[in-house]
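Asker: Sequence lines, in order, name chains A, B, C and D. Mapping the first sequence onto the numbering used here, position 64 (from 1) lands on 69, and the numbers just tick up by one. Mapping the second sequence onto the numbering used here, position 43 (from 1) lands on 48, and the numbers just tick up by one. Mapping the third sequence onto the numbering used here, position 107 (from 1) lands on 112, and the numbers just tick up by one. Mapping the fourth sequence onto the numbering used here, position 103 (from 1) lands on 108, and the numbers just tick up by one. Where is the CB? At the ideal position from N, CA and C, for every residue including glycine. Nothing here was measured: the structure is a model prediction, and the numbers come from that model.
4 protein chains.
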Amino acid sequence: MEVPDQCRISTDVRVMYFDTDAGGVVHNIVYLRFIETARTYLAIQMGMSFLEIERTGIHPVVTRTEIDYKRAAKLGDELRIDGRVVEWSGIRFWVEFEVIRPSDGVLLVKCRQALALVKMPEGRPVRLPAGFPASLALDGGE
Amino acid sequence: MEVPDQCRISTDVRVMYFDTDAGGVVHNIVYLRFIETARTYLAIQMGMSFLEIERTGIHPVVTRTEIDYKRAAKLGDELRIDGRVVEWSGIRFWVEFEVIRPSDGVLLVKCRQALALVKMPEGRPVRLPAGFPASLALDGGE
Amino acid sequence: MEVPDQCRISTDVRVMYFDTDAGGVVHNIVYLRFIETARTYLAIQMGMSFLEIERTGIHPVVTRTEIDYKRAAKLGDELRIDGRVVEWSGIRFWVEFEVIRPSDGVLLVKCRQALALVKMPEGRPVRLPAGFPASLALDGGE
Amino acid sequence: MEVPDQCRISTDVRVMYFDTDAGGVVHNIVYLRFIETARTYLAIQMGMSFLEIERTGIHPVVTRTEIDYKRAAKLGDELRIDGRVVEWSGIRFWVEFEVIRPSDGVLLVKCRQALALVKMPEGRPVRLPAGFPASLALDGGE
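1. Would you say the segment 50–65 of chain C touches the segment 111–119 of chain C, given that touching needs at least three Cβ pairs under 8 Å?
2. Could you have a look at GLY132 of chain C and say whether DSSP puts it in helix, strand or coil?
3. Is the beta carbon of ARG97 of chain C sitting closer than 8 Å to the one on ASP73 of chain A?
4. Which bits of chain C does LEU37 of chain A rub up against, with CB to CB less than 9 Å?
5. Run the CB neighbour count on ASP10 of chain C, radius 10 Å, all protein chains shown included, and call it buried at 16 or more, exposed below.
6. Quick one: using the 10 Å Cβ neighbour count with 16 as the cut-off for buried, is HIS32 of chain D buried or exposed?
7. What are the boundary residues of the alpha helix (DSSP H) that TYR46 of chain C is part of?
8. Answer yes or no: do ALA43 of chain B and PRO65 of chain B have a C-beta to C-beta separation smaller than 8 Å?
9. Please confirm if the segment 82–98 of chain A is in contact with the segment 87–94 of chain C, defined as three or more CB-CB distances below 8 Å between the two stretches.
10. Tell me the residue span of the alpha helix (DSSP H) that contains LEU56 of chain C.
11. Between D:PHE137, D:PHE39, D:GLY28, which lies nearest to TRP99 of chain D when the distance is taken from Cα to Cα?
12. Within 10 Å of its beta-carbon, does ASP26 of chain B have 16 or more other beta-carbons around it, so buried, or fewer, so exposed?
13. By DSSP, does PHE23 of chain C sit in helix, in strand, or in coil?
14. If the cut is a Cβ gap below 8 Å, which residues of chain B does THR42 of chain A touch?
15. Using CA coordinates, which residue listed in A:VAL104, A:PHE55, A:ALA139 is at the minimum distance from ILE28 of chain C?
16. Do you know offhand how far ASP24 of chain A's Cα is from TYR46 of chain A's?
17. Compare the Cα-Cα distances from GLU41 of chain D to each of D:VAL8, D:ILE86, D:GLY52 and report the closest residue.
18. How is the beta strand (DSSP E) around PHE102 of chain C delimited, first residue to last?
19. Beta-carbon within less than 6 Å of PHE39 of chain C's beta-carbon, same chain only, minus the 5 sequence neighbours each way: which residues are those?
20. Since ARG106 of chain B and LEU80 of chain B are thought to touch, with beta carbons under 8 Å apart, how far apart are those beta carbons, to the nearest angstrom?
21. Between TYR22 of chain C and chain A, is any beta-carbon pair separated by less than 8 Å?
22. Distance check for VAL20 of chain C and GLU103 of chain C, CA to CA, integer angstroms please.
23. For GLY28 of chain D, which residues in chain B fall below 9 Å Cβ to Cβ?
In structure tokens form, the structure reads like this:
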């Protein structure tokens, strides 16, 4: 299946002191913050803005993360996070991310996350709307 | 004024990789996480448990922080955070903290925080109850 | 293979405000901080203390994380993190974690992490010592 | 004294889930991460790039933070952080920050930080160079 353009995102981040640890490199957990920022902008682009989430009460919730650490980023590095929706069915979809250092083209991190749409506060999973991921016309789960 | 025993707290923490930065020392912001943990246990001890906060809707809210960095802690250090209520009047009280490394007795950080009791979700400040800080018999701000 | 006692760990944590997000539950990334604390104490117990790491220059490095989010923890919850080494071969070993809420016995999170022993600053992977995981007599990778 | 243009900075940030807490607002400690990002870009602009810090071994180190919390930011808010050098003498300089929500012009947070230039790894404070803050021609502290 072809992935529509609005299901791809690319964000940038500069590595700050608070992203690194005493090993001199970016701490392993921090990449997931970089990835969550990319995923949030992807969600907004796909129609799940903060306002829309508040209106419908339907939240995208991470149910599984797989992340592979290949190379380490350092203080001051400029990184790019590329993400795209890769699979979907029923109540779940998968997003893949790569963290790349454009200055030398090195792939640092690969990550896959499964998400579900969950109606809050009941915590009830909601089926992906027809036309997902091209269309995300949510109706509050009714 | 004498500070009652339940208005003092002492907590311990071991410095983890994610607390340090590429400078090889604990990142300046991280000490405020250590201090917030101590302050939360102090609040519980003084009668502001999470349950009590939920029941009354009255939250202790930080309105000002002053923190002085004197010496740096390192990976693996065992630290002690000592806190105590030092001043109170009207709608505000102050808590002082020291972060100490017991192995060599060095004082690393001093911190003062002002807090207000705020009734949520209205965001309305509430007067400290009579008998504060020895007594924190909150009544939902009525 | 039987897992020796020193290859199991159990740590506790109380959920603080800074662990939660506006959804009212513990943020998905935060569980990995809880797990890293447990893994650090496990490493110390197995012979990889901070001092030993400094002496040998051999660091345990996370190369892959898989984490499944099953149920959400809330502000004030007391959680237990159980971890144990489950597989090892050549230059890699796997550790499994469960995050449990003892008050109701609910399993919140399951996690598996692959780690390698890496000689720094060269970044050269080192073979697990003979007798691993019962014995971790590191010799600086010579 | 007039503050030169390169001693002023303005950065933007969008509030993510991981910036908020169960109170539904940005956690008090998180503003200091926003401020540190602004301060890092200010340092780069003034001549203290990561490369320059590595070359000279002279790091800008926070010695005191004062922060006042006036209003709370929420999930999804777009915030602006304005910073500028306001005082300097001998071995210390002060930077002031305001965190503003441009959509309604509300001032959320005010902050002042004292910094020293410290030669690492000795930890020796270094006098501000002549011409500071307009000129930051560091020479490794010789």
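Answerer: Once the coordinates are examined:
1. The segment 50–65 of chain C is not in contact with the segment 111–119 of chain C.
2. Against the third sequence, residue 132 of chain C aligns to sequence position 127. It should be noted that the sequence gives Arg, not Gly, for residue 132 of chain C. In this structure, ARG132 of chain C counts as coil in the three-state DSSP scheme.
3. Looking up residue 97 of chain C in the third sequence gives position 92. Looking up residue 73 of chain A in the first sequence gives position 68. No.
4. Taking the first sequence and counting its residues from 1, one reaches residue 37 of chain A at position 32. In chain order: ASN33, ILE34, LEU37, THR70.
5. Here residue 10 of chain C refers to the residue found at position 5 when the third sequence is read from its first residue. ASP10 of chain C is exposed by the Cβ-count criterion.
6. To locate residue 32 of chain D, count along the fourth sequence from 1; it is residue 27. Burial is judged here by how many other beta carbons sit within 10 angstroms of a residue's own beta carbon; HIS32 of chain D has at least 16 and is buried.
7. In the third sequence, the residue the question calls residue 46 of chain C occupies position 41. Segment 35–50, the alpha helix (DSSP H) holding TYR46 of chain C.
8. The count along the second sequence starts at 1 and reaches residue 43 of chain B at position 38. The count along the second sequence starts at 1 and reaches residue 65 of chain B at position 60. The answer is no: Cβ separation not under 8 Å.
9. no
10. Stepping through the third sequence from its first residue, residue 56 of chain C is reached at position 51. Per DSSP, the unbroken alpha helix (DSSP H) holding LEU56 of chain C starts and ends at 55–61.
11. Reading the fourth sequence from its first residue, position 94 is the one you call residue 99 of chain D. For the residues D:PHE137, D:PHE39, D:GLY28, the minimum Cα distance to TRP99 of chain D belongs to D:PHE137.
12. Position 21 of the second sequence, counted from the first residue, corresponds to residue 26 of chain B. Looking at its Cβ environment, which holds 16 or more other Cβ atoms inside 10 Å, ASP26 of chain B is buried.
13. Locating residue 23 of chain C in the third sequence gives position 18, where the first residue counts as 1. PHE23 of chain C: helix per DSSP, three-state reduction.
14. Here residue 42 of chain A refers to the residue found at position 37 when the first sequence is read from its first residue. In chain order: nothing, as chain B lies at least about 18 Å away.
15. For this step, residue 28 of chain C is matched to residue 23 along the third sequence. In the sequence under discussion, the amino acid at residue 28 of chain C is Gly, which differs from the Ile named in the question. That would be A:PHE55, whose Cα lies nearest to the Cα of GLY28 of chain C.
16. Residue numbering aside, residue 24 of chain A sits at position 19 when the first sequence is read from its first letter. Residue numbering aside, residue 46 of chain A sits at position 41 when the first sequence is read from its first letter. One C-alpha to the other measures close to 20 Å.
17. Within the fourth sequence, numbered from 1, the residue matching residue 41 of chain D stands at position 36. GLU41 of chain D has its Cα closest to that of D:ILE86, out of D:VAL8, D:ILE86, D:GLY52.
18. Start at 1 with the first residue of the third sequence, and residue 102 of chain C comes out as number 97. Here the beta strand (DSSP E) through PHE102 of chain C covers 97–106.
19. Residue numbering aside, residue 39 of chain C sits at position 34 when the third sequence is read from its first letter. Here the set comprises VAL18, ILE86.
20. Taking the first residue of the second sequence as position 1, residue 106 of chain B is located at position 101. Taking the first residue of the second sequence as position 1, residue 80 of chain B is located at position 75. Going by Cβ atoms, the distance from ARG106 of chain B to LEU80 of chain B rounds to 13 Å, so no, they are not a contact pair.
21. Counting from 1 along the third sequence, the entry for residue 22 of chain C is found at position 17. So no, TYR22 of chain C is outside the interface.
22. On the third sequence, position 98 is the one that residue 103 of chain C refers to. On the third sequence, position 15 is the one that residue 20 of chain C refers to. Using only the alpha carbons, I get a separation of about 16 Å.
23. As a working note, residue 28 of chain D is residue 23 in the fourth sequence. Within chain B, the residues near GLY28 of chain D are HIS64, VAL66, MET125.
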